[in-house]
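K.L.:
One structure is given below, represented as structure tokens, and several questions about it will come after.
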Amino acid sequence: MFSTGLFASGQNLRLIVRLDDCYLSGDPKTERIIQLFTKYKTPINVGIIPYRNEDDTLNPMYLNPYTEIFVHGYRHKKEGTDEFSGLSYQKQWEKIQRGKLMLESKGIYPCCFAPPWNSYDEITLSVLKDVGFLVISGNEFGPKNNLSIKYIPSTCYSVKDALHLIQKGSIFNGIVVLLIHPYEFTSENDFLLLEKLILNIRNNKIKNLYFSNLTSLDENITGKRLEYHHYPLLYLLRSNNMLGFNKNVYYEMGLLIFINIIEWFLLIAVIIYLHLKKLLKLKYYQTLIVGVLLFILLLVSYINKYDSYRWVLLCKTAVIIFFIWLNNRLMLRKQLKEAQAR
Ligand SMILES: [Zn+2]
């Protein structure tokens with residue numbers, strides 16, 4: 162249905178609007194935002210805090226065809242450092258299960274969970290899987306090793322940024338996940354800007370999605386995509402808005418793999434250059450020790466799922482250096498043998 166290659170014909174960006182911090186009973190700002198999206202028949206994802214107030218009733222405004230509900234935490238209150246991360250499986254399970262059941266009792270069946278302050282841990286992911294959620298929307302740096310969950314992190318935090326991006330367009334395919342809160346709308350201007358964004362979405366034929374759209378599409382939104390999303394080269398390019406990349410876009414897997422390969426080549430080129438400058442010298446037995454240490458390093462990182470972009474870069478560099486070393490030593494050995502034979 163959607164192209165998942167590097168480039169697409171027509172409009173390359175898709176948008177997910179994620180409105181956090183909404184109450185069951187609603188409030189005037191939330192109501193106004195939802196009305197705007199409904200007026201222009203444009204999808205919005207609304208995050209309800211299930212137990213913010215115990216005896217709230219569900220505002221009927223949420224039950225319109227252009228609003229999809231996701232669960233935003235439990236009470237939105239910290240227990241220790243967070244509402245979820247750091248807590249035991251049992252505690253997290255109780256909160257998430259209770260929130261889900263409460264919404265289901267109102268006839269709402271959410272597929273997506275977005276934790277307060279975008280903060281979650283590996284246990285949260287297991288609980289979500291067991292309770293039956295399909296998608297998590299946290300931040301770009303959250304854990305991502307549970308294979309049963311789809312990861313759609315927030316990438317853009319202001320209506321203004323999203324508007325600029327959509328007006329400018331993008332060469333590469335990707336999703337912009339705009340995270341907004343009702344309390345950020347403090348003036349008439351803020352609502353006007355949002356209306357302008359919606360009009361631009363329509364005029365530029367941007368596909369505006371619900372979280373549930375991405376669960377049914379044949380699109381890679383696994384933890385691997387989230388991992389590649391902050392590999393060093395891409396991270397550098399998009400953080401600085403270089404070469405047509407933008408920090409607010411969650412790029413598609415094809416492009417991420419392509420950038421990852423380029424990163425390997427650049428790294429190899431730099432190290433070969435250093436090698437040719439004769440900066441790497443070791444004796445045979447030292448090379449062997451380094452090889453064993455490297456193997457242990459990679460094993461440890463694999464077992465512990467260390468996959469921060471710095472760590473990945475370190476491992477890649479170490480592996481390349483080791484092979485160049487090895488090649489260097491073997492060549493030298495061959496030359497020595499030849500010299501002895503003569
Ligand atoms: Zn929140």
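Under this note's numbering, residues 162 to 503 are what the sequence shown spells out, in order.
Don't be surprised by glycine CBs; every beta carbon is placed ideally from N, CA and C.
(1) Return yes when the Cβ of Ile257 is within less than 7 Å of the Cβ of Val207, no when it is not.
(2) What is the C-beta distance between Ile313 and Leu286, in whole angstroms, given that I count them as a contact (C-beta under 8 Å)?
(3) Tell whether a beta-carbon distance below 7 Å holds between Thr316 and Val296.
(4) Take the Cβ of Leu180 as the centre, count every other Cβ of all protein chains shown within 10 Å, and call the residue buried at 16 or more, exposed below.
(5) With the cut-off set at 7 Å, would you say Leu224 and Glu356 are in Cβ contact?
(6) Please find out if some non-hydrogen atom of ligand 1 comes closer than 6 Å to the beta-carbon of Pro277.
(7) Here's the rule: buried if 16 or more other CB atoms are within 10 angstroms of the residue's CB, otherwise exposed. What is Met263?
(8) If we count the other Cβ atoms within 10 Å of its Cβ and call it buried at 16 or more, is Tyr371 buried or exposed?
(9) Looking at Asp217 and ligand 1, is the gap between the Cβ and the nearest heavy atom below 6 Å?
(10) Quick test of the definition: if touching needs 3 or more C-beta pairs under 8 Å, does the segment 272-291 touch the segment 245-259?
(11) Pick out whichever of Gly241, Ser186 and Arg213 has its Cα sitting closest to the Cα of Met222.
(12) Please indicate yes or no: does the CB of Asp181 lie closer than 6 Å to some heavy atom of ligand 1?
(13) How is Glu345 classed by DSSP in three states: helix, strand or coil?
(14) Quick test of the definition: if touching needs 3 or more C-beta pairs under 8 Å, does the segment 322-341 touch the segment 398-418?
(15) So Gly384 is in the alpha helix (DSSP H); what residue range does that whole segment cover?
P.N.:
According to the structure data:
(1) no
(2) Going by Cβ atoms, the distance from Ile313 to Leu286 rounds to 14 Å, so no, they are not a contact pair.
(3) no
(4) buried
(5) no
(6) yes
(7) buried
(8) buried
(9) no
(10) yes
(11) Ser186
(12) yes
(13) helix
(14) yes
(15) Gly384 to His390
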